[in-house]
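Q: Going by full-length UniProt numbering, 389 is the number at position 389 of the sequence shown; the sequence numbering is gapless. Just so you know, even glycine gets a beta-carbon here, dropped at the ideal spot from N, CA and C.
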Amino acid sequence: MTTITVPASEPEIREPEGSPAGADQLAERLFTAVGRYDEVATEAGHLQSLQGWWGEAYDAYRGAASRAGDEHDAMATTLRRVARAVTAYADDLRAHQGVADDLVSRKGELDADRSGLVADINAITDATPQDVEVLRARAADLRLAYRRLVEDHADLQRAVRENEQRLRQAFEAGTSLRDALSATGGASDTAVEAMNRPGAPGSGASPSEVQRWWAGLSEAQQQAALAAYPSLLGQADGLPASVRDEANRLLLDDDLATLAAQRDDDTLSPEEAQRLANAEATQEALTDADGFEDPTTGERPGGRLWLYDPGAFDGDGRVAVAIGDLDTAADVAVSIPGITTETTDVAVGVSDAINLYEATRFNGDGSSVATMFWLGYDTPEGAIDLDTITRGRAEDGGERLADAIDGLRASRPGEAAHLTVIGHSYGSTTTSYAATDHALAVDDVALIGSPGAGPADTADDLSPGEGNVWVGRNSRDAVGFFGDEGWWHNPGGLGVDPSSEDFDANRFEAESVLRSDHRSFADHSRYYDHDSESLYNLGRIVDGQHDAVNAGDQTYDPWWRWADDPEGEREPSTWVPGRSETRAEP
1 MTTITVPASE PEIREPEGSP AGADQLAERL FTAVGRYDEV ATEAGHLQSL QGWWGEAYDA
61 YRGAASRAGD EHDAMATTLR RVARAVTAYA DDLRAHQGVA DDLVSRKGEL DADRSGLVAD
121 INAITDATPQ DVEVLRARAA DLRLAYRRLV EDHADLQRAV RENEQRLRQA FEAGTSLRDA
181 LSATGGASDT AVEAMNRPGA PGSGASPSEV QRWWAGLSEA QQQAALAAYP SLLGQADGLP
241 ASVRDEANRL LLDDDLATLA AQRDDDTLSP EEAQRLANAE ATQEALTDAD GFEDPTTGER
301 PGGRLWLYDP GAFDGDGRVA VAIGDLDTAA DVAVSIPGIT TETTDVAVGV SDAINLYEAT
361 RFNGDGSSVA TMFWLGYDTP EGAIDLDTIT RGRAEDGGER LADAIDGLRA SRPGEAAHLT
421 VIGHSYGSTT TSYAATDHAL AVDDVALIGS PGAGPADTAD DLSPGEGNVW VGRNSRDAVG
481 FFGDEGWWHN PGGLGVDPSS EDFDANRFEA ESVLRSDHRS FADHSRYYDH DSESLYNLGR
541 IVDGQHDAVN AGDQTYDPWW RWADDPEGER EPSTWVPGRS ETRAEP
């Protein structure tokens, strides 16, 4: 008698209990309470100095006010940690419930295969050896699939328990007044221990050391550190982008809830109002990034909040938002903006990054893509500004950009991405400083709408490799006119015009069908326009298809008058997405 053992249907899927929405509501209430404590602490500081009162009673009053302020500030810190832990719990619970849904779906498919196998076995009345071999192979495959399902289900249950334990620890760490007022602000022992290990952010560790620190933590330590110290982890170069994103989203939720509560109470200071505006702009941009669908697959690659520092640079803020998975994408592009760009403009920057993502995927080689808008330096305030016509902020920004790229590289110790940095306007000068003075660790550099290449005299000065410096300049772009080109044409003071034959970079076609009849600032903002020459060519550069880039003629200096731009004599074209061989004339 021939026996075929059919595996049992297992396991019984246990879905995580709880309501992420309910936890989010609790976190919002806790953040509101944080705002109340912050208000008292701030007011206590203001009331310490009173005119016309002195003596022992006044000294006693000042001491009491100071202690009250410090205690309320400490309580706000502790409550903020708890609120962030609740937010992290809600996010993880939501993810765990999604995993459980996938497991239920997998088990349903396996059970259907099992039923089909049983029916096929019962239907055979005179099985041949070949029939038996096939049925046993199906049973073996099914047994292996059930075993994997059991293992994945066990992993899920362990993750659910750890998530609940972290939340329980967060609540318990703040139950006593002494712990709440301590230097750790009620942070769990697990989080404190993790941050005391060598290589932790804030210790002066290099990006590579930070990467190794994170990789050496247990999952419980990682999650505890994230919940307790998101402000450190959110800016830590060397950490995976997914970790920075999670930390920065916690900080963003904190600001949105706490500052909105203070706005409702009409207690916002001007600085706090600006911080809230930056937070709301970041949330809008992140919503756009999260909702974007890949035009070739229909899937959502998701946004990543890689940098969030809304109070930096006197309220202008620092922010970086990516589309796609920075941790795994084969092709990564980082866009650097120019003058007047602040955190409140992040939605526009993300829109450009989305366009660049689409252009890279259209006509691409199929590689995965991530594009990031990076505003990590203090941009000049306006077109008529001393900072705009000098190089100080570009020098500082170049160092910050090089550090950011080093951090991005270090966070991926395995297979490196093909990485392109695109500097627009004053951002191109900033990029030149990063490449020339700080050995910018990228594969390709593109300068668009550049007012000058800063310290670089030729493309070789900043080239990551021969032939890997690219320049896009609309012939009508008024800002591009400010680059130095010859002894007669030197109006800007920001360096050589990188589109010139003297600089000798690879100039690509970047004219616009909407270009003006004369030089204008409107043409300075058209490099990321849909279906444009510039966007098409930037997509080919990011994708690594250098041979597909459409070359433009370099500008040249006739010495006796202003420089000539041959591209201005050419009729612009539009590029049809998805059909690389088709070039549509306007």
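#1: Measuring straight from C-alpha to C-alpha, what distance separates I323 and D290?
#2: Name the DSSP beta bridge partners of N506, please?
#3: So for A191, helix, strand or coil by DSSP?
#4: At what residues does the beta strand (DSSP E) containing I4 begin and finish?
#5: Taking the beta strand (DSSP E) that T287 falls in, what are its first and last residues?
#6: I'd like to know if the segment 106–114 and the segment 140–160 are in contact, where contact means that at least 3 CB-CB pairs between them fall below 8 Å.
#7: Whole angstroms are fine: how far does the CA of G199 sit from the CA of residue 591?
#8: For the 8 Å Cβ check, are there 3 or more pairs between the segment 232–240 and the segment 256–273?
#9: Three or more beta-carbon pairs under 8 Å between the segment 148–168 and the segment 67–77, yes or no?
#10: Distance, Cα to Cα, D331 vs V471?
#11: Have a look at E501, R400, V479, Y426 and flag the residue whose alpha-carbon is nearest the alpha-carbon of A441.
#12: If you measure from the beta carbon of N122 to each beta carbon in chain C, is any gap under 9 Å?
#13: Count the CB pairs spanning the segment 447–461 and the segment 242–249 that are closer than 8 Å, and state whether there are at least three.
#14: Any heavy atom of the ligand GDP within a distance shorter than 8 Å of the CB on D403?
#15: Out of curiosity, what's the CA-to-CA distance linking L251 and Q223?
#16: Going by beta carbon distance, what residues of the same chain come within less than 6 Å of D444, once the five residues before and after it are set aside?
#17: Within its chain, find whatever has a CB closer than 6 Å to the CB of E15; leave out the 5 residues flanking it on each side and keep chain order.
#18: Are the CB atoms of G338 and T379 nearer to each other than 9 Å?
#19: So what does DSSP say about L305, is it helix, strand or coil?
#20: Does DSSP put R579 in a helix, a strand or coil?
#21: Find out if the Cβ-Cβ distance for the pair L538, L356 is shorter than 9 Å.
#22: Take every Cβ of the segment 83–96, pair it with every Cβ of the segment 20–27, and state whether three or more of those distances are shorter than 8 Å.
#23: Bridge partners for Y556 per DSSP, in chain order?
#24: If you check the beta carbons only, do R476 and H518 fall under 9 Å apart?
#25: Can you tell me whether G317 is buried or exposed, with buried defined as 16 or more other CB within 10 angstroms of its CB?
#26: Whole beta strand (DSSP E) runs in the segment 317–345 with 3 or more residues, listed along the chain?
A: Reading from the atomic positions:
#1: Taking the sequence shown and counting its residues from 1, the one referred to as residue 323 is at position 323. Taking the sequence shown and counting its residues from 1, the one referred to as residue 290 is at position 290. I323 and D290 have their C-alpha atoms spaced approximately 8 Å apart.
#2: One-based indexing of the sequence shown puts residue 506 at position 506. In DSSP, N506 forms a bridge with W470.
#3: Counting from 1 along the sequence shown, the entry for residue 191 is found at position 191. A191 falls in the helix class under three-state DSSP.
#4: If you number the sequence shown from 1, residue 4 lands on position 4. Careful: I4 lies outside any beta strand (DSSP E) and carries neither H nor E.
#5: Here residue 287 is taken as the residue at index 287 of the sequence shown, counted from 1. For T287, there is no enclosing beta strand (DSSP E); the enclosing alpha helix (DSSP H) covers residues 270–291.
#6: yes
#7: Outside the displayed span of the chain (1 to 586) sits residue 591, for which this structure offers no information.
#8: A contact is defined here as three or more CB-CB pairs under 8 Å, and the segment 232–240 fails this definition with respect to the segment 256–273.
#9: Contact check between the segment 148–168 and the segment 67–77: fewer than three CB pairs, one atom from each, fall below 8 Å, which does not count as touching.
#10: Numbered from 1 along the sequence shown, position 331 holds the residue referred to as residue 331. Numbered from 1 along the sequence shown, position 471 holds the residue referred to as residue 471. Cα to Cα, D331 sits roughly 19 Å from V471.
#11: Reading the sequence shown from its first residue, position 441 is the one you call residue 441. Ranking E501, R400, V479, Y426 by Cα distance to A441 puts R400 first.
#12: Although the question refers to chain C, the structure presented lacks it and comprises just one protein chain.
#13: no
#14: With respect to the ligand GDP, the structure shown offers nothing to examine, as it has no ligands at all.
#15: Walking along the sequence shown from the start, residue 251 turns up at place 251. Walking along the sequence shown from the start, residue 223 turns up at place 223. Looking at the two C-alpha atoms, the distance is approximately 15 Å.
#16: Residue 444 sits at position 444 when you count from the first residue of the sequence shown. Cβ neighbours of D444 beyond the five flanking positions: T420, N468, I541.
#17: For the purposes of this step, residue 15 is taken as the residue at position 15 of the sequence shown. The residues are A100.
#18: For the purposes of this step, residue 338 is taken as residue 338 along the sequence shown, with counting starting at 1. For the purposes of this step, residue 379 is taken as residue 379 along the sequence shown, with counting starting at 1. In contact: G338 and T379 (Cβ atoms closer than 9 Å).
#19: The residue labelled residue 305 in the question sits at position 305 within the sequence shown. Looking at L305 - three-state DSSP - the assignment turns out to be strand.
#20: As a first step, residue 579 must be located in the sequence shown, where it is residue number 579. For R579, the pLDDT reaches just 43, beneath the cut-off of 50, and the residue's location in the model is therefore unreliable, although a value from the coordinates is still provided. Residue state, collapsed to three classes: coil.
#21: Position 538 of the sequence shown, counting from 1, holds the residue named residue 538. Position 356 of the sequence shown, counting from 1, holds the residue named residue 356. Cβ atoms of L538 and L356: closer than 9 Å.
#22: Cβ pair count under 8 Å is three or more, so yes.
#23: Translated into the one-based positions of the sequence shown, residue 556 becomes position 556. Answer is D564, bridged to Y556.
#24: Numbered from its first residue, the sequence shown carries residue 476 at position 476. Numbered from its first residue, the sequence shown carries residue 518 at position 518. Cβ atoms of R476 and H518: closer than 9 Å.
#25: Within the sequence shown, residue 317 is the residue found at index 317, counting from 1. When all chains shown are included, G317 counts as buried.
#26: 318–323, 331–336
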